[in-house]
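Worksheet: one structure, shown below.
Protein chains in written order, with the numbering used here: chain A, 1 to 284; chain B, 1 to 280.
This is the structure in structure tokens:
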């Protein structure tokens, strides 16, 4: 359990480095967007090294393209191994989705048909990634705006089946559960209740927006009250778990972001687990 | 996985269609509904549109970040048209958005589909090259720079054979247009806060400019150079030995001036951090 963290974003570099130097940092860890640091040099990598020297870091990717029918990208995996060797992350995560096909990158987290053959396909690729990285990864449920005629099971059944078959961790994004539950009219509480607690490495919290009848995972608002309530439900079920607040657009002052992380800490301190915690699946 | 592959290929086609999801789907009635579920709140087409809009807006935003002056000089509507044409020719293939705009300069300068954007604006290719070089310099590899003291320690008899390497962030651009004037106008307009440039701000005439771009203390700088010095630095970057460099400078500026000029330039380049510590 790393504690409560926020995303490491370039606009906050000076604030974060100053707080580390003054020992006034109020978060326990940072999550970094893997692809932003797959570069040769310059300020981003230097800041990452400086932050990592004092605080644990988790690598969170958006382009592993786990659900694609393209071959796994060897060059990407090689760069990921190099970055992981450099920062020694507490764990590595990416999304339960596909992000490109036929060599084209769509730079979006696209949902998959929730079908038995897709479970096998995805779990096989996750296992191969884990073998390459020599550790378990955590896969995150995404917000989605469409579903498929080919769906054979619910999203949470799909998530659980993949995680069990791949023997991987889960990054439970509570905001994404809330957003997708609204967009596809399923029960968010039942979703959270069905997630295998022992596999959850981490929880994500974020803000979302409304767009017509849909909710969109924009990461440009504070976490909504309904999502805080769902987070508390997840805490009762899962127990103490590393939690991170994402805020990627219309990014506020760093202090405001820390306030959101502190609210998560307070929620965790005042929420009792409903059952004794069992043994956890770990990254390595 | 043929069915999953087919679903993904079809979604990619709809999401990236330059004319929009609805037009793309018009040629295959019922196509989306065979794959994507719609409901009373939103049709399959509307749900696909969320992803199509996000695809374009995300890439447009990324290219605006990489090419802010180009975006300002073209104006919003033309820039969005440029992005549409560009993405059709060069859909992103790299896992990082960092590389989405890597072909834009070549596209806008040389591709026939980029012609409407350079018509009457001969400088767009140079401007795009310049802004891409700034982005490239920002995260180029870190390498220790040569110190003057290290140079002084070298055996003078070896000097003619020495090959210096330039810092990985260094970019040398021989431009045909005074791009810095456009960049200054953009800055003056508040980094493009004032949306459309005035015609006189874009009234630049061709002018040979030798620009150098580099990173120092994690910040990216640029300045113009004298042609002779620029060409000497280009030769250095290509790995030509210092002796050959002196001979070329002698041909350019005369025998008497060459050695002192070469030594003076090398000193300036070292002070600017343009030369790597590794000397062969």
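Each residue gets a CB set at the ideal place from its N, CA and C atoms; glycine is no exception.
My guess is that residue 36 of chain B and residue 26 of chain B are in contact by the Cβ rule of under 8 Å, so how many angstroms apart are they, rounded? 16 Å between Cβ atoms; not a contact.
Buried versus exposed call for residue 39 of chain B [16 or more other C-beta atoms within 10 Å across all chains shown]: Under this definition residue 39 of chain B is an exposed residue.
For residue 8 of chain B, return the contacting residues in chain A, with the cut-off set at a CB-CB distance below 7 Å. 68, 69, 98, 101
Under 9 Å from the C-beta of residue 51 of chain B: neighbouring residues of chain A: 106, 108, 110, 145, 146
Neighbourhood of residue 261 of chain A by C-beta distance below 6 Å, restricted to the same chain and skipping five residues each side: 4, 6, 27, 245
Could you give the first and the last residue of the continuous beta strand (DSSP E) run that contains residue 159 of chain B? Note, residue 159 of chain B: premise wrong, no beta strand (DSSP E); not H, not E.
When A:205, A:56, A:23 are compared against residue 2 of chain A, the one with the closest alpha-carbon: Of the candidates A:205, A:56, A:23, the residue whose Cα lies closest to the Cα of residue 2 of chain A is A:56.
State yes or no: is the C-beta of residue 213 of chain A within less than 7 Å of the C-beta of residue 41 of chain B? Less than 7 Å divides the Cβ of residue 213 of chain A from the Cβ of residue 41 of chain B.
If we cut at 7 Å on Cβ distances, does residue 38 of chain A have a partner in chain B? Output row for residue 38 of chain A: interface = yes.
Neighbour-count burial assignment, residue 24 of chain A, 16 or more Cβ in a 10 Å radius: exposed
Helix, strand or coil for residue 99 of chain A? Go by DSSP, reduced to three states. In the structure shown, residue 99 of chain A sits in a strand (DSSP, three-state: E or B).
Amino acids of chain A, ordered along the chain, whose beta-carbon sits closer than 7 Å to that of residue 15 of chain B: 106
Consider the Cβ of residue 114 of chain A: report whether some Cβ of chain B lies at a distance smaller than 7 Å. no
Would you identify the three-state DSSP class for residue 30 of chain A, choosing helix, strand or coil? strand
Quick one: which chain B residues come within Cβ less than 7 Å of residue 239 of chain A? Neighbours of residue 239 of chain A on chain B: none; closest Cβ ~35 Å, over 7 Å.
What number of angstroms, rounded off, separates the C-alpha of residue 1 of chain B from the C-alpha of residue 103 of chain A? Legend: pLDDT at residue 1 of chain B = 45, less than 50; position of this residue unreliable, value from coordinates given subsequently. C-alpha of residue 1 of chain B to C-alpha of residue 103 of chain A: approximately 17 Å in a straight line.
Grab me the residues of residue 101 of chain B's own chain with a C-beta within less than 6 Å of its C-beta, minus the 5 sequence neighbours each way, in chain order. 63, 66
Do residue 12 of chain B and residue 142 of chain A have their C-beta atoms closer together than 7 Å? no
Does the ligand SAM have a heavy atom nearer than 6 Å to the CB of residue 264 of chain B? As presented, the structure is devoid of all ligands, the ligand SAM included, so that no description of it is given.
How big is the Cα-Cα spacing for residue 42 of chain A and residue 139 of chain B? 5 Å
Residue 1 of chain B at chain A interface by Cβ criterion, 7 Å: Below a pLDDT of 50, predicted positions are generally treated as unreliable, and residue 1 of chain B, at 45, falls in that range; the measurement from the model is reported next regardless. Interface residue, yes.
Looking only at C-alpha atoms, which of A:252, A:240, A:167, A:275 sits nearest to residue 269 of chain A? Closest in alpha carbon position to residue 269 of chain A, among A:252, A:240, A:167, A:275, is A:240.
Roughly how many angstroms separate the alpha carbons of residue 51 of chain B and residue 87 of chain B, rounded to a whole number? 15 Å
Determine the contact status of residue 214 of chain B and residue 169 of chain B, defining contact as a CB-CB distance below 7 Å. It is a contact, given that the beta carbons lie within the stated cut-off.
So is residue 219 of chain B buried or exposed if we call it buried at 16+ other beta carbons inside 10 Å? exposed
Secondary structure at residue 74 of chain B, three-state DSSP: helix, strand or coil? helix
Between the region 84–101 of chain B and chain A, which residues of the former have a C-beta closer than 8 Å to a C-beta of the latter? 91, 92, 93, 94, 95, 96, 97, 98, 100
At a CB distance below 8 Å, what residues from the region 157–178 of chain B approach chain A? Give them in sequence order. 168, 169
Check each residue of the region 213–233 of chain A: if its Cβ is closer than 9 Å to any Cβ of chain B, include it; give the result in chain order. 213, 214, 216
What residue does the alpha helix (DSSP H) around residue 349 of chain B start on, and which one ends it? Outside the displayed span of chain B (1 to 280) sits residue 349 of chain B, for which this structure offers no information.
Which value, in whole angstroms, describes the spacing of the CA atoms of residue 110 of chain A and residue 235 of chain A? 28 Å
Is the CB-CB distance between residue 177 of chain B and residue 123 of chain B below 7 Å? In contact: residue 177 of chain B and residue 123 of chain B (Cβ atoms closer than 7 Å).
Do you know offhand how far residue 211 of chain B's Cα is from residue 237 of chain B's? 14 Å
DSSP state of residue 7 of chain B, grouped into three classes? helix
Chain-ordered chain A contacts of residue 218 of chain B [CB-CB under 8 Å]: 42, 43, 46
Other residues of its chain near residue 146 of chain A: CB distance less than 7 Å, five sequence neighbours each side excluded: The beta carbon of residue 146 of chain A sits closer than 7 Å to those of 111, all from its chain and outside the five residues before and after it, given in chain order.
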